[in-house]
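Student:
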Amino acid sequence: MISIKDLRLTYESDGLPVQAVNGVSIDVPKGQFYTLLGPSGCGKSSTLRCVAGLEKPDSGEIVLGGETVFSSARGVFVPPYRRKLGMVFQSYAIWPHMNVFDNVAYPLKYGHHKLPRGESVRDRVRDLLAMVGLAGLEKRPAPLLSGGQQQRLALARAVAGQPDVLLLDEPLSNLDARLRDDMRHEIRELTMRLNITTLFVTHDQLEAFTMSDTVGVMNQGVLVQEGPPAAIYRSPSTAFVANFVGSSNVIPATVTRLCDEPRVVEAETALGPLLCEADGDVRPGETLSILVRPEDVKEAGDAAGGPNTFRATARKVVFLGPSCDVDLEAAGLSLKAVFPSRCSVAAGTEVMVHLPAYACHLMREEAGSGSDAKPSAPAAEPGAGSPAVHVPA
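In this note's numbering, the protein residues as written are 198 to 590.
1. Considering only the alpha carbon of each residue, which of 328, 415, 397 and 203 lies closest to residue 386?
2. Just to confirm the assignment, what range does the beta strand (DSSP E) spanning residue 454 have?
3. Return yes when the Cβ of residue 380 is within less than 9 Å of the Cβ of residue 349, no when it is not.
4. When we look at the beta-carbon of residue 456 and count the other beta-carbons within 10 Å, is it buried (16 or more) or exposed?
5. Under a Cβ-count criterion, where at least 16 other Cβ atoms within 10 Å of its own Cβ denotes burial, should residue 201 be classed as buried or exposed?
6. Report back the beta-carbon spacing between residue 297 and residue 306 to the nearest angstrom; my notes put them in contact at under 8 Å.
7. At a cut of 8 Å, does the stretch 290-304 reach the stretch 352-365 through at least three beta carbon pairs?
8. One question on the structure: do residue 257 and residue 243 come within less than 9 Å of each other, judged by their Cβ atoms?
9. Over what stretch of residues does the alpha helix (DSSP H) that includes residue 283 continue unbroken?
10. Taking the C-alpha atoms as reference points, what is the distance between residue 226 and residue 237?
11. How about residue 461 and residue 441: do their beta carbons lie closer than 9 Å?
12. Hey, could you find the ends of the alpha helix (DSSP H) residue 382 is sitting in?
13. Counting Cβ pairs closer than 8 Å, one from the stretch 542-556 and one from the stretch 468-484, do we hit at least three?
14. Counting only the same chain and skipping the five closest in sequence on each side, list residues whose C-beta sits under 6 Å from that of residue 333.
15. Tell me, which residues are paired with residue 495 by DSSP?
16. If you run the structure through DSSP and keep just helix, strand and coil, what is residue 247?
17. Once the 5 residues before and after residue 274 are set aside, which same chain residues still bring their CB inside 7 Å of it?
18. Suppose contacts are defined by Cβ-Cβ distances below 9 Å. Is residue 395 in contact with residue 362 by that definition?
19. Could you give the first and the last residue of the continuous alpha helix (DSSP H) run that contains residue 522?
20. Quick check: what's the CA-CA separation for residue 469 versus residue 222?
21. What is the rounded straight-line gap between the Cα of residue 497 and the Cα of residue 288?
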């Protein structure tokens with residue numbers, strides 16, 4: 198297990214302090230796969246490096262597998278080589294002067310992960326290489342492996358000593374798209390088979406969603422939301438999370454009344470009154486935002502006058518095979534939609550649009566993590582997710 202309590206880390210940049218990690222607290226149960234997701238500079242890698250012992254935090258506490266490896270209150274700092282963890286770096290960091298066998302065998306022969314007398318290093322290495330699909334390559338020089346093979350070798354070496362915790366620092370970013378897809382599944386299967394507690398860092402939402410039990414979204418050194426992948430995507434707590442995780446329509450709204458159905462409220466928008474869901478308590482007259490994912494924007498056929506239904510004009514239609522990306526305009530506002538490819542919508546035509554109440558998620562901003570909390574990486578960063586569509590009032 199991993200337990201992080203109120204972790205804080207400050208760097209100095211151009212003579213000024215920068216709060217890289219600001220009060221982060223995380224609990225990862227035994228065998229769970231936890232991902233820190235966020236843009237470059239958000240503090241996710243700094244948090245991971247603190248767990249690894251590569252950075253010494255200013256304050257807080259870190260417990261790995263029941264052992265306190267850092268505590269500012271108790272003056273504890275366990276050096277990296279004594280922590281019961283394995284780590285895979287973005288660059289893999291395999292030893293180029295060794296062959297495949299020796300790369301995996303090294304931590305079993307020397308240092309903290311040395312095998313007890315009587316256990317066979319050769320048998321352990323062969324089992325690990327078979328597990329990661331490198332059987333038969335024991336004698337191959339490490340630099341002559343492909344990118345995917347080097348990734349597998351780094352994984353085998355990281356888990357060779359049967360660590361309590363596995364740390365993964367964007368290990369898929371150097372692979373091509375096909376290899377990334379394959380390695381996502383292989384890493385997840387490996388961690389489940391070994392029942393190893395895993396902390397993974399990435400800026401790629403697809404990696405986070407497909408591999409994780411829990412996702413924690415970070416921004417400006419703060420953990421702004423955590424939960425199962427589906428909850429993060431469907432119910433983002435702030436505009437920043439909605440902006441970073443997928444493409445979204447964010448519509449300004451004012452609450453007009455609370456409905457009889459639990460969690461359902463009516464809000465006035467430029468599109469007219471919309472029924473939507475609210476996760477917390479809201480009051481009539483309160484100004485909030487409505488989040489609608491593009492895939493939840495539906496064609497309404499010839500229906501008119503129903504709740505959450507309005508007429509829009511298709512300004513642009515892009516055929517993507519199984520679906521079409523459609524830019525809509527209604528009441529002077531812009532909306533993104535994803536329609537099935539068999540739809541009959543064409544650019545310049547009118548279409549009746551329906552926004553299901555269950556898909557209209559009412560959210561409020563939180564101080565320091567809302568729409569004015571800009572990602573510290575450019576919006577076009579690969580894998581960082583598509584920007585939200587903010588609908589002007």
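Ideal Cβ positions, reconstructed from N, Cα and C, are used throughout, including at glycine.
Tutor: Taking the definition as stated:
1. Taking the first residue of the sequence shown as 1, we reach residue 386 at position 189. Comparing alpha-carbon positions, the option among 328, 415, 397 and 203 lying closest to residue 386 turns out to be 328.
2. Position 257 of the sequence shown, counting from 1, holds the residue named residue 454. Note, residue 454: beta strand (DSSP E), 446-455.
3. Position 152 of the sequence shown holds residue 349. Position 183 of the sequence shown holds residue 380. Contact: yes.
4. Numbered from its first residue, the sequence shown carries residue 456 at position 259. Result: exposed.
5. Locating residue 201 in the sequence shown gives position 4, where the first residue counts as 1. Buried.
6. Residue 297 sits at position 100 when you count from the first residue of the sequence shown. Residue 306 sits at position 109 when you count from the first residue of the sequence shown. In fact, because the Cβ distance is near 15 Å, the residues do not count as touching under 8 Å.
7. Enough Cβ pairs lie closer than 8 Å, so yes.
8. The residue given as residue 257 occupies position 60 in the sequence shown. The residue given as residue 243 occupies position 46 in the sequence shown. Taking 9 Å as the Cβ cut-off, residue 257 and residue 243 do not qualify as a contacting pair.
9. Within the sequence shown, residue 283 is the residue found at index 86, counting from 1. For residue 283, there is no enclosing alpha helix (DSSP H); the enclosing beta strand (DSSP E) has its first and last residue at 282-285.
10. Position 29 of the sequence shown, counted from the start, is the residue given in the question as residue 226. Position 40 of the sequence shown, counted from the start, is the residue given in the question as residue 237. Rounded to whole angstroms, residue 226 to residue 237 spans 26 Å at the Cα level.
11. By one-based count along the sequence shown, residue 461 stands at place 264. By one-based count along the sequence shown, residue 441 stands at place 244. Their beta carbons are not under 9 Å apart, which means residue 461 does not touch residue 441 by this criterion.
12. Along the sequence shown, one-based indexing puts residue 382 at 185. Run containing residue 382: 374-391, per the alpha helix (DSSP H) assignment.
13. Taking a cut-off of 8 Å for Cβ pairs, the stretch 542-556 and the stretch 468-484 touch, as three or more such pairs fall below it.
14. Sequence index remark: in the sequence shown, residue 333 carries index 136 (1-based). Contacts found: none.
15. Position 298 of the sequence shown, counted from the start, is the residue given in the question as residue 495. When beta bridges are read from the DSSP output, residue 495 appears opposite 551.
16. Your numbering for residue 247 matches position 50 in the sequence shown. Helix.
17. Locating residue 274 in the sequence shown gives position 77, where the first residue counts as 1. Within the same chain, residue 274 has close Cβ partners 253 and 267.
18. Position 198 of the sequence shown, counting from 1, holds the residue named residue 395. Position 165 of the sequence shown, counting from 1, holds the residue named residue 362. Going by C-beta atoms, residue 395 is nearer than 9 Å to residue 362.
19. Position 325 of the sequence shown, counting from 1, holds the residue named residue 522. Unbroken run through residue 522 is the beta strand (DSSP E), 520-527; no alpha helix (DSSP H).
20. Counting from 1 along the sequence shown, the entry for residue 469 is found at position 272. Counting from 1 along the sequence shown, the entry for residue 222 is found at position 25. Cα to Cα, residue 469 sits roughly 41 Å from residue 222.
21. Residue numbering aside, residue 497 sits at position 300 when the sequence shown is read from its first letter. Residue numbering aside, residue 288 sits at position 91 when the sequence shown is read from its first letter. Approximately 50 Å between the Cα atoms of the pair.
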